[in-house]
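S.K.: I am attaching a structure below and will ask some questions about it afterwards.
What follows is the structure, encoded as structure tokens:
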């Protein structure tokens, strides 16, 4: 193959591959809420990887592998409609009041999901921030499972959880 043909072939290959690589962009969601409670109290409510009981959609959380709050721990979260999510703890830092985890299996329309939940001091109490990066699950999005649907699903999970956490802690 002569150099011009090789260059043309490489250019065509790149042109064909680029849309496929860009088909599932990395998506991001960040939600936060201010809570009138000290950071230590708020962190105590959310810090345990084996307990998502503060989230209104969660029926149960079971630690399947590893120690609670230990890197590599695996939990199964069962939501009230019976769906199950399997998640792995990637990092847990009491000193920074943060935990990071990833979804291994779930019915959600997302893949490559990595999330951080953090509690910080804020004026009048605490700020809880829940953020993630992910991609939609399918290369070719089915109706209702596109980037907007994936982002909406994660945003809804975060806002309902954060709103419930605020109500629980401010009622005490």
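Residue numbers (mature numbering (1 follows the signal peptide of the UniProt record, and there is no 0)): -22 to -1, 1 to 150. C-beta atoms are modelled at their ideal positions from N, C-alpha and C, and glycine is treated no differently.
1. Could you check whether residue 106 and residue 63 sit closer than 8 Å to each other, using their CB atoms as the reference points?
2. Would you decide whether residue 139 is buried or exposed? Buried here means 16 or more other CB atoms lie within 10 Å of its CB.
3. If you run the structure through DSSP and keep just helix, strand and coil, what is residue 42?
4. Whole angstroms is fine: what's the gap from residue 132's alpha carbon to residue 69's?
5. What's the gap between the Cα of residue 147 and the Cα of residue 101?
6. From 4, 9, 3, pick the residue whose C-alpha is nearest to that of residue 108; which is it?
7. Under 8 Å between the Cβ atoms of residue 67 and residue 48?
8. Within 10 Å of its beta-carbon, does residue 4 have 16 or more other beta-carbons around it, so buried, or fewer, so exposed?
M.R.: In terms of the structure at hand:
1. Mapped onto the chain shown, residue 63 falls at position 85. Mapped onto the chain shown, residue 106 falls at position 128. Cβ distance not < 8 Å, so residue 63 and residue 106 don't count as in contact.
2. The sequence position of residue 139 within the chain shown is 161, counting from 1. Residue 139 comes out buried.
3. Stepping through the chain shown from its first residue, residue 42 is reached at position 64. Strand.
4. Counting from 1 along the chain shown, the entry for residue 132 is found at position 154. Counting from 1 along the chain shown, the entry for residue 69 is found at position 91. Residue 132 and residue 69: Cα-Cα distance of roughly 20 Å.
5. In the chain shown, residue 147 corresponds to position 169, counting from 1. In the chain shown, residue 101 corresponds to position 123, counting from 1. Residue 147 and residue 101: Cα-Cα distance of roughly 16 Å.
6. Here the question's residue 108 lines up with position 130 in the chain shown. Checked all of 4, 9, 3; the closest Cα to residue 108 is 9.
7. Position 89 of the chain shown holds residue 67. Position 70 of the chain shown holds residue 48. Contact flag set, yes.
8. To locate residue 4, count along the chain shown from 1; it is residue 26. Flag for residue 4 reads exposed.
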